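Student: Could you have a look at this structure, given as structure tokens, before my questions?
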Ligand SMILES: [Zn+2]
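Residue numbers (my numbering): 9 to 151.
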């Protein structure tokens, strides 16, 4: 298949995301030789790693950054008591349609104001399009 062949990418469901994140955690913790600590990563913490985007790239970055922090803290024998409430170096990315000047597509109003209404046909991430998302995470974009 050519790189230019358009493919219909089906975004993972919420439960698939959780499983993928558990794999990311296992891989990253192994890489930093802290696999014995991966049990500390609760479902609550995994939800904090989740980014509001069609794909999983931002989540992978969050897991990688958290694993590296855990590695450093472990080395200094300074791991947090409560992993769920520790300030991990993660970012709550949201994928919103910033528009595309090259093809004359305007930005979605939500790009500037999370309370605004979506422009019809915009390419923003929409929680209700991901099976199981709204039940687990709600519909409101994080601020
Ligand atoms: Zn939109």
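The beta-carbon is built from N, C-alpha and C at its ideal position, and this holds for glycine as well. Quantities reported herein were computed from a predicted structural model and do not represent experimental measurements.
Helix, strand or coil for residue 138, going by three-state DSSP, please let me know.
Tutor: Here residue 138 sits in coil by DSSP.
Student: Name the one or two DSSP bridge partners that residue 105 has.
Tutor: By DSSP's assignment, residue 105 forms no beta bridge with any residue.
Student: With a threshold of 7 Å (Cβ to nearest heavy atom), would residue 121 be considered close to ligand 1?
Tutor: Taking 7 Å as the cut-off, the C-beta of residue 121 does not count as close to any heavy atom of ligand 1.
Student: Between which two residues does the alpha helix (DSSP H) harbouring residue 115 extend?
Tutor: It is not in any alpha helix (DSSP H) - residue 115 carries neither H nor E in the DSSP assignment.
Student: So, does the region 113–121 touch the region 69–84, judging by three or more C-beta pairs under 8 Å?
Tutor: Segment contact: the region 113–121 against the region 69–84, fewer than three CB-CB distances shorter than 8 Å; contact not assigned.
Student: Measure the CB-CB distance between residue 56 and residue 98 and report whether it falls below 8 Å.
Tutor: Yes, the pair counts as a contact, with Cβ atoms nearer than the cut-off.
Student: Measure how close the beta-carbons of residue 42 and residue 82 come, nearest whole angstrom, since I'm counting them as under 8 Å.
Tutor: 6 Å
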